[in-house]
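Chemist: The number in the numbering used here is simply the position in the sequence shown, starting from 1, with 107 added.
Positions of the beta carbon are idealized from the N, C-alpha and C atoms, including for glycine.
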Amino acid sequence: MKVILTEKPSVAKDIAKALGSFVQNKDHIRAGEYVIVWAMGHLLEIDDSVAPQKWDLESLPIFPEKFLYKAKNSHFFAVKKVLSQAREVIVATDAGREGELIARLILMHSGWKNWDRTWRLWTSKALTPDVVRKELKALKPIREFDSLFWSALARQHADWLVGINLTRAVSLRAGNGVWSVGRVQTPTLALIVKRTIERENFKPQPYFVIKGVFSKDGKVYEGLLVFKEKEERLSEEKAKQILKELEKESTGVVAALQAERNREYAPPLFSLTSLQRAANEKFGWSASRTLAVAQRLYEELKCISYPRTDAQYLSEENKELVKEVLRKLGREDLIENVDKVGKRVFDDSKLTDHHAIIPLDRLPKEANEDDKKLYELIKNRFFAVFMPAFEYLSFKVITKLGKYEFVSYGRKVLALGWRKVEPLEETQPDLSFLRRGDRVKKEKVLVQKKFTEPPPAYTEGSLLKEMEKLSLGTPATRASIIDTLKERGYIYLKGKSLIATEKGKALIKFLEGRKIIQPEMTSEWEKKLESIYTQRKGKKGYEEFLEGIKGFVEEELKLYLSKNIHVPTEKLMPKKTSKPKLKGRKTNKQKKG
108 MKVILTEKPS
118 VAKDIAKALG
128 SFVQNKDHIR
138 AGEYVIVWAM
148 GHLLEIDDSV
158 APQKWDLESL
168 PIFPEKFLYK
178 AKNSHFFAVK
188 KVLSQAREVI
198 VATDAGREGE
208 LIARLILMHS
218 GWKNWDRTWR
228 LWTSKALTPD
238 VVRKELKALK
248 PIREFDSLFW
258 SALARQHADW
268 LVGINLTRAV
278 SLRAGNGVWS
288 VGRVQTPTLA
298 LIVKRTIERE
308 NFKPQPYFVI
318 KGVFSKDGKV
328 YEGLLVFKEK
338 EERLSEEKAK
348 QILKELEKES
358 TGVVAALQAE
368 RNREYAPPLF
378 SLTSLQRAAN
388 EKFGWSASRT
398 LAVAQRLYEE
408 LKCISYPRTD
418 AQYLSEENKE
428 LVKEVLRKLG
438 REDLIENVDK
448 VGKRVFDDSK
458 LTDHHAIIPL
468 DRLPKEANED
478 DKKLYELIKN
488 RFFAVFMPAF
498 EYLSFKVITK
508 LGKYEFVSYG
518 RKVLALGWRK
528 VEPLEETQPD
538 LSFLRRGDRV
548 KKEKVLVQKK
558 FTEPPPAYTE
568 GSLLKEMEKL
578 SLGTPATRAS
588 IIDTLKERGY
598 IYLKGKSLIA
608 TEKGKALIKF
618 LEGRKIIQPE
628 MTSEWEKKLE
638 SIYTQRKGKK
648 GYEEFLEGIK
658 GFVEEELKLY
668 LSKNIHVPTE
678 KLMPKKTSKP
688 KLKGRKTNKQ
698 KKG
């Protein structure tokens, strides 16, 4: 029989529906010549028995000769039983690095040997019946994805080695519970700690600005004094002196006016990270909430494409799909633009495993409020990239009052274009009524006291942007990294702001100057992991990468084992975390990235 292995039960049902009549069983589905089984994410995990149970410094570094795996639950054995009867296997897990790892580990630990009769279903489209039937006719040999598996395995084993060694070392030195350290979570924490300390140490400094209010023919506009002297900021004494001089003036003149025509096209389509940022800014959602809703729109409601993508572009091959979707959504008026937008939307050179997130169909009636909000965000961006440019005139006006100059900025909308579906959130005054040389009336001039501001606290949206810029994590893992930092008591949420706890600060202080907190190191690792797949390095690439990781761990341990971490108080630990018994303790916490 032919066995199809999926990553989730919902995907198994989608494939079964496409195959026609089927029989649902507890742990598999039968559909004609096919038997469909499913994972539930990872069914296997690294067995911690490969590491000494006793936590002590003498056992470090921990470098297992062989990584052993154990089943996370009994469902693995049900899948293994079905696979033992297979003559062919079709891997239909998610089309990406982690999906490949999930499938390969299940097959390998089920005793599967017939790799020449193993195929890959690889698509980023929603698994509608038509898509499933089409893709089953276009299967690829699993061997084409061997290097992707070795890349995924290298990531998993590297994260385990870094996590278990550095977590044990720091925890033993701290002596106050488990202090988890990870390849991605720790440099991410370092960003938040640095920003938190900057804000705590910031001392606001007062400064003063002078605002002028002017009018011409009853139309009012404002401007700020252009301070040309060498002083960095206007003092109160100087501001009062200038104000006294300006009180004598009743009219000013438009000394200079610049008007520039601008054409602004819509931002790119959404990747998962940019979608999470937009939802955080617009709705205040966490990254994990956005991912969960997007996954539901893809898996259950089948109205958007695969969401765990880092691409913001489509392939040239997607043009017909785009036209079909525009028809479904009632925007036939945009179809003629599909062939005109060029590389702003369709750029194969900027694609990885999946294309950008786009709608594929109308939102079903059973959608909830969260579904509607996120779907509208995705749909409007999809429409926007095929709509005309937003056109406007931008103005810069210099109004001279006595010997002083005030600057004003404005905008006049000429054509809304794509802004019809993504409206402007801030407005600027229309200054088109002004001309150079115009005499204007001084309505009033006033001094305003202001204070310098600290750098803004990270929100989940701004942190995701920084993580993406620094290649920290992947679109699919960034949300879980932020959640992990919260769960482990390193950061907390205050309103929309992410703030480092005392525990988080203490950890980064201890690791100060070490490579593990440097985003550049993690970024370099991600590039090497990607090259294992893109350059088809396979097992050799895996081995070379792991040797580099072992060298890194040894170098880090030399410092960790020579100093103690400073722990001011017991309150550093999260409220719900109890102090573990380090000797003979087994834990999974230390291995997560």
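Could you give the distance in angstroms between the alpha-carbon of residue 677 and the alpha-carbon of residue 283?
Modeler: Confidence is the limiting factor: at residue 677 the pLDDT is only 46, short of 50, which leaves the residue's position unreliable, though a coordinate-based value still follows. Whole-angstrom Cα-Cα distance: 7 Å.
Chemist: DSSP puts residue 607 in a beta bridge; with which residues?
Modeler: 598
Chemist: Below 8 Å, can you find three or more Cβ-Cβ pairs linking the stretch 222-230 to the stretch 190-205?
Modeler: Touching, yes.
Chemist: Please report how far the alpha carbon of residue 332 lies from the alpha carbon of residue 554, in whole angstroms.
Modeler: 10 Å
Chemist: So, with DSSP's three-state summary, where would you put residue 376?
Modeler: Shown here, residue 376 sits in coil according to DSSP, grouped into three states, outside any helix or strand.
Chemist: Kindly identify the DSSP beta-bridge partner or partners of residue 138.
Modeler: DSSP lists 141 as partners of residue 138.
Chemist: Could you check whether the stretch 575-594 touches the stretch 368-380, counting it as contact only if at least three pairs of C-beta atoms, one from each stretch, sit closer than 8 Å?
Modeler: yes
Chemist: Could you check whether the stretch 268-284 touches the stretch 558-565, counting it as contact only if at least three pairs of C-beta atoms, one from each stretch, sit closer than 8 Å?
Modeler: no
Chemist: Please state if the CB of residue 442 and the CB of residue 465 are separated by a distance shorter than 9 Å.
Modeler: Cβ atoms of residue 465 and residue 442: not closer than 9 Å.
Chemist: Just list the residues that DSSP pairs residue 341 with in beta bridges.
Modeler: 315
Chemist: Give the DSSP-derived three-state secondary structure of residue 113 in the structure shown.
Modeler: strand
Chemist: Let me know the secondary structure DSSP gives residue 425 once reduced to three states.
Modeler: helix
Chemist: Name the one or two DSSP bridge partners that residue 197 has.
Modeler: Beta-bridge pairing links residue 197 to 111, 226.
Chemist: Taking one C-beta from the stretch 508-520 and one from the stretch 314-334 each time, how about it: are there three or more such pairs within less than 8 Å?
Modeler: yes
Chemist: Once you ignore the five residues that flank residue 362 on each side, which residues in its own chain have a CB closer than 8 Å to its CB?
Modeler: 505, 506, 507, 512, 543
Chemist: Is the stretch 230-242 close to the stretch 288-302, with three or more CB pairs under 8 Å?
Modeler: Contact fails: fewer than three Cβ-Cβ distances are below 8 Å.
Chemist: If we call anything under 9 Å between Cβ atoms a contact, is residue 341 one with residue 314?
Modeler: yes
Chemist: So, residue 186 versus residue 112, is the Cβ gap smaller than 9 Å?
Modeler: yes
Chemist: When the Cα of residue 370 is compared with those of 348, 352, 524, which residue comes out closest?
Modeler: Nearest C-alpha to residue 370 among 348, 352, 524: 524.
Chemist: What's the gap between the Cα of residue 428 and the Cα of residue 434?
Modeler: 10 Å
Chemist: Considering only C-alpha positions, which residue in the set 267, 219, 425 is nearest to residue 158?
Modeler: Closest option to residue 158, Cα to Cα, is 267.
Chemist: Identify, in the order they occur along the chain, each residue of the same chain with its Cβ nearer than 7 Å to the Cβ of residue 438, setting aside the five sequence neighbours on each side.
Modeler: 490
Chemist: So, are the CB atoms of residue 500 and residue 643 less than 9 Å apart?
Modeler: No, the pair does not count as a contact, with Cβ atoms beyond the cut-off.
Chemist: Taking a contact to mean a Cβ-Cβ separation below 9 Å, would you say residue 502 touches residue 516 in this structure?
Modeler: yes
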